[in-house]
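Colleague: With the numbering used here applied, the sequence shown has no gaps in its numbers, which climb one by one up to 305 at the end.
We put the beta carbon where it would ideally sit given N, CA and C, even for glycine.
Model, not experiment: these values are computed from the prediction.
I'd like to ask you about the structure that follows.
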Amino acid sequence: MRLTREIHLVASGSGGFDLTDPYDCNAYLVASAGEAAIVDTGIGSAVDALLSNVAAAVPGGEDAVGYVLLTHAHPDHAGGAAELAERLPAARVLASPEVARWVAAGDERAMSLERGQSAEFYPRRYRFRPCRRMEPLSDGERLRVGEVELEAIATPGHAAGHLAFLASGAASACFVGDLVFHGGQISLESNWDCSLQDYERSVRRLAERPFEAFLPGHHAFSLRGGDRHVRAAAQRFNHGFVPRSVV
Ligand SMILES: [Zn+2]
């Protein structure tokens with residue numbers, strides 16, 4: 059599903075637009091000047107559908123994909139990394155240093171898999187497939203995808219090692235993962251690595267960066283003036299409140 063000239067939605071579950079597996083997060087494709095990157099992978103059971111959406115979106119399809127980027131290690135975002143790495147041998151698979159470690163090792167405790175299963179975020183019998191080809195990406199690192207530049211921004215809070223990806227150049231957008239949702243909602247969970255203090259710092263930090271398309275990991279996106287959703291969350295923190303949390 060084409061969202062802007064350079065950005066496509068290639069996976070989305072029942073908490074979004076029912077494009078692929080019901081458990082999938084929103085996964086996006088950035089495509090510019092013959093190069094492409096995938097942001098998040100879905101849970102891993104609909105990689106065929108994701109890749110056929112990639113092929114339909116970009117000339118050259120899968121061969122154009124140079125990067126698979128993970129916002130965080132939760133299985134609905136990172137579960138397809140292993141299969142994508144196999145099927146896209148030329149792509150580098152990148153995440154923050156700690157997420158790269160957990161996804162490479164298949165560390166289901168670090169990614170709070172069991173809690174997610176009891177909350178029915180993931181199927182009961184789901185097992186995470188480790189992706190051995192992970193590489194670390196640090197805060198502030200920039201990647202070029204054709205005429206688009208993607209900057210990794212460390213944004214812990216919802217989960218440790220969470221990254222947002224800010225697009226500039228030919229596209230103005232932010233892939234915010236599970237940090238902020240439409241209307242300035244956030245996602246607080248009772249997992250070991252969910253931190254309200256980190257959350258506030260990350261939201262305030264991202265609220266200083268202007269962008270147009272707001273592209274979250276679930277629920278609705280917003281194509282113009284999208285930074286207002288991050289600023290709405292920052293304003294709640296600034297007033298001493300906690301933004302409303304999505305379920
Ligand atoms: Zn998450």
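Where do the ends of the alpha helix (DSSP H) carrying V105 lie?
Modeller: Walking along the sequence shown from the start, residue 105 turns up at place 47. Here the alpha helix (DSSP H) through V105 covers 105 to 115.
Colleague: Could you tell me whether the stretch 235 to 250 touches the stretch 150 to 164, where touching means 3 or more Cβ pairs closer than 8 Å?
Modeller: no
Colleague: In angstroms with no decimal places, state the Cα-to-Cα distance between Q255 and G215.
Modeller: Reading the sequence shown from its first residue, position 197 is the one you call residue 255. Reading the sequence shown from its first residue, position 157 is the one you call residue 215. Their backbone Cα atoms lie some 7 Å apart in a straight line.
Colleague: Could you name the residues that DSSP lists as bridge partners for P194?
Modeller: On the sequence shown, position 136 is the one that residue 194 refers to. According to DSSP, which records beta bridges pairwise, P194 is partnered with A153.
Colleague: Does ligand 3 have even one heavy atom less than 7 Å from the beta-carbon of D236?
Modeller: For ligand 3, the structure offers nothing, since it holds only ligand 1.
Colleague: Grab the span of the alpha helix (DSSP H) containing R288 for me, first residue to last.
Modeller: Within the sequence shown, the letter at position 230 stands for residue 288. Note that residue 288 is Val in the sequence shown here, rather than Arg. First-last of the alpha helix (DSSP H) with V288: 285 to 296.
Colleague: Cutting at 6 Å between CB atoms, please list the residues of its own chain near S170, excluding the five before and the five after it.
Modeller: For the purposes of this step, residue 170 is taken as residue 112 along the sequence shown, with counting starting at 1. These residues qualify, in order along the chain: N249.
Colleague: Quick check: the Cα distance between G198 and F223, rounded to an integer number of angstroms?
Modeller: For this step, residue 198 is matched to residue 140 along the sequence shown. For this step, residue 223 is matched to residue 165 along the sequence shown. Each residue's Cα considered, the two are about 10 Å apart.
Colleague: Who are the Cβ neighbours of E120 in its own chain at under 8 Å, not counting the five residues just before and after it?
Modeller: Translated into the one-based positions of the sequence shown, residue 120 becomes position 62. So the list reads L109, V112, A113, R145, L146, once near-sequence residues are dropped.
Colleague: In chain order, which alpha helix (DSSP H) runs of at least 4 residues are fully inside the stretch 211 to 291?
Modeller: 254 to 264
Colleague: What residue does the beta strand (DSSP E) around A140 start on, and which one ends it?
Modeller: In the sequence shown, the residue the question calls residue 140 occupies position 82. Taken as a continuous stretch (DSSP letters only), A140 belongs to no beta strand (DSSP E), being part of the alpha helix (DSSP H) at 139 to 145.
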